[in-house]
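Engineer:
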Amino acid sequence: MKRPHLPARNLLPGMGEELISASDWSRRAATLVGAVLIGLVAIGFAIAGDHASELFNRTTAAHPWVYLVSAPLVFVAIIAITNRVAPDARGSGIPQVIAASRMPGSAAMAGLVAIRTALFKAVLTVAALLGGASVGREGPTVQLGAAIMVQVHRLFRVKASAGVYIAGGAAGVAAAFNTPLAGIAFAIEELSVAYEQRVAVLVMGAVMIAGLTAQGISGDYVYFGQLGGSLPILTVLIVAPIAGLAGGAAGGLFSRAVLALRGPGGRFAGRLKARPLTTALVCGVVVGVLGYLTAGATSGTGYVSTRDLLSGADAEYWFGPAKFVAALATSASGIPGGIFAPSLAVGAGFGELLTPFFPPEQAGLIVLIGMGGYFTGVVRAPLTSVIILSEATSSSHAILPLFATALIGDWAGSMVCKERLYHALSRDFLPGKGDSEGDDAPATIAAKPDKGS
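Numbers 169 to 621, taken from our numbering, label the letters of the sequence shown in order.
Below you can see the structure in the form of structure tokens.
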């Protein structure tokens, strides 16, 4: 008599559970290693960027004419290199991660989060700062973070799902600003509209580990320095609506201009992209002339100027509008570099315009509220804006005024520019330019439980 055929689970009891456990541990190990590497790379990138900016400032202090030649020459050189060897490294870096997360594992999208692309992104962004460009390193750090996390998961033979891309990008934000909560909020609002519990756990784990790694090296610093004081309710009721409406509209104007100049289907984008070297030269001349006329105030990330304004220091009232033009010209050139830090600097400049109407001791918080209105108008992510600003200034006491400003700024920005900037730009990296997708199309996250998440 033949023995009955037994299911595999009866022949090998517990084997399935052990295999699942081993797979879980591989995912956890990949997340741990990836997050640590992101923290280390983010710190190294920040140090390199700071040294580049300091070298540029020292050089231009001794030879002011350098402003007029450095940006045009560096812009042209960077565009030539980018278009030839790393076209996926152009621009901010955040649109690339959004696009890649919509088609995780796709060979057609692999270049967006390739280590080679990310390294070129970092090197070329540092070169841009060395030439006086108005760029930030936070957007590039998002692309770096996603590339590192995806590559580590591949090395551990773990599927790189959309959640892996999102976690890597969020960890990059957290490490760049030393703002862990902002990293999580950024993942929810920008990198992915659809959000699952498994992805949430992965993002929080990556953000925590990357943040601890960065803090272990640089210390538990506050990005812009601690901001104290408080605003009377009457001041908040006046400043928040003005900063939200005016700042949000200005931020929306910036986004609309960037999309017209560089976005898919933009009114002038075709002409600019058809002549990349000429475009880079003209944009570089604009940035160089502004740097020369403002003694370097519009060059670089704008971090120092922003920190000084938050501390209550006086500044020229033209700083915000001039930085706006410099950041727009830099973005229009197409060189690698982010817009986070320059946007915060522009917002600080617009906030400075409101300070003469209030007591001097309230200036720092009014500048902060101005930053919230403008930055929200640009990125259209009010929760991320509020958390970044409150964590970067250690000013939890200003959360409610910031929330009011950000909500108004988000509405005002949407009235000027219907599309969300990063989501619209991400269509440029999708097959067929993604013309059929809306600006708010969510990142592709599998509805079923995905062990690669």
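Ideal Cβ positions, reconstructed from N, Cα and C, are used throughout, including at glycine.
Sort out for me which residues DSSP pairs Gly304 with in a bridge.
Structural biologist: Answer is Gly506, bridged to Gly304.
Engineer: Can you give me the start and stop residues for the alpha helix (DSSP H) that Cys585 sits inside?
Structural biologist: Cys585 -> no alpha helix (DSSP H), and no H or E assigned at all.
Engineer: With contact counted as at least three CB pairs below 8 angstroms, one residue from each stretch, are the region 254 to 274 and the region 307 to 319 in contact?
Structural biologist: Yes: at least three Cβ pairs fall under 8 angstroms.
Engineer: I need the DSSP call for Arg435, collapsed to helix, strand or coil.
Structural biologist: Of the three classes helix, strand and coil, the one that applies to Arg435 here is coil, per DSSP.
Engineer: Go through its chain and collect everything with a Cβ distance to Val371's Cβ below 7 angstroms, but skip five positions before and after it.
Structural biologist: Excluding sequence neighbours, Val371 sits near Ile334, Ala335, Ala338, Ile352 and Ala355.
Engineer: Please state the DSSP three-state secondary structure of Ile251.
Structural biologist: First, the residue type needs correcting, since residue 251 is Asn and not Ile in the sequence shown. Reduced to three states, the DSSP call for Asn251 is helix.
Engineer: Can you check whether the CB of Val281 is closer than 9 angstroms to the CB of Ala229?
Structural biologist: No, the Cβ-Cβ distance between Ala229 and Val281 is not below 9 angstroms.
Engineer: Considering only residues of the region 401 to 473, which uninterrupted alpha helix (DSSP H) runs meet the minimum length of 4 residues and lie entirely inside it, listed in chain order?
Structural biologist: You should have 401 to 410, 416 to 430, 437 to 442 and 444 to 461.
Engineer: Could you check the C-alpha separation between Phe422 and Asp192 for me, to the nearest Å?
Structural biologist: Each residue's Cα considered, the two are about 44 angstroms apart.
Engineer: Could you give the distance in angstroms between the alpha-carbon of Ala495 and the alpha-carbon of Val375?
Structural biologist: Looking at the two C-alpha atoms, the distance is approximately 28 angstroms.
Engineer: What is the C-beta distance between Gly307 and Ile567, in whole angstroms, given that I count them as a contact (C-beta under 8 angstroms)?
Structural biologist: At roughly 25 angstroms, the Cβ-Cβ gap does not stay under 8 angstroms, so Gly307 and Ile567 are not in contact.
Engineer: How many angstroms separate the CA atom of Phe526 from the CA atom of Ile555?
Structural biologist: Distance between the alpha carbons of Phe526 and Ile555 is about 25 angstroms.
Engineer: Among Leu359, Gly456, Ala216 and Ile537, which one has its Cα closest to the Cα of Ile410?
Structural biologist: Ranking Leu359, Gly456, Ala216 and Ile537 by Cα distance to Ile410 puts Ile537 first.
Engineer: When you compare only the Cα positions, how much space is there between Gly456 and Leu323?
Structural biologist: Cα to Cα, the separation comes out at about 44 angstroms.
Engineer: Consult DSSP for Leu521 and reduce its assignment to one of helix, strand or coil.
Structural biologist: In this structure, Leu521 counts as coil in the three-state DSSP scheme.
Engineer: Looking only at its chain, what residues have a beta carbon closer than 7 angstroms to the beta carbon of Gly279, apart from the 5 residues adjacent to it on each side?
Structural biologist: Asp256 and Thr285.
Engineer: Taking the alpha helix (DSSP H) that Ile283 belongs to, which residues open and close that run?
Structural biologist: Its alpha helix (DSSP H) spans residues Ile283 to Leu298.
Engineer: Please report the distance separating the alpha-carbon of Ile247 from that of Leu405.
Structural biologist: Cα to Cα, the separation comes out at about 46 angstroms.
Engineer: Under the three-state reduction of DSSP, which class applies to Gln394: helix, strand or coil?
Structural biologist: Looking at Gln394 - three-state DSSP - the assignment turns out to be coil, as it is neither helix nor strand.
Engineer: Taking 9 angstroms as the cut-off, decide whether the C-beta atoms of Ile534 and Thr544 are in contact.
Structural biologist: Going by C-beta atoms, Ile534 is not nearer than 9 angstroms to Thr544.
Engineer: Distance, Cα to Cα, Ala146 vs Thr250?
Structural biologist: Residue coverage of the chain in this structure runs from 169 to 621, which leaves residue 146 outside it and unanswerable.
Engineer: Within the same chain, show all residues whose beta-carbon is closer than 6 angstroms to that of Arg325, passing over the 5 residues directly before and after it, in chain order.
Structural biologist: Around Arg325: no qualifying Cβ.
Engineer: With a CB to CB cut of under 8 angstroms and the five nearest residues on each side skipped, what residues in its chain are close to Ala220?
Structural biologist: Result list for Ala220: Val294, Ala295, Leu297 and Leu298, in chain order.
Engineer: Who are the Cβ neighbours of Leu427 in its own chain at under 6 angstroms, not counting the five residues just before and after it?
Structural biologist: Result list for Leu427: Gly434 and Ala592, in chain order.
Engineer: By the DSSP assignment, the alpha helix (DSSP H) with Leu598 in it spans what residues?
Structural biologist: Segment: none, Leu598 is in no alpha helix (DSSP H) and carries neither H nor E.
Engineer: Taking the alpha-carbon of Gly502 as reference, which of Gly577, Val244 and Leu200 has the nearest alpha-carbon?
Structural biologist: When only C-alpha atoms are compared, the closest one is Val244.
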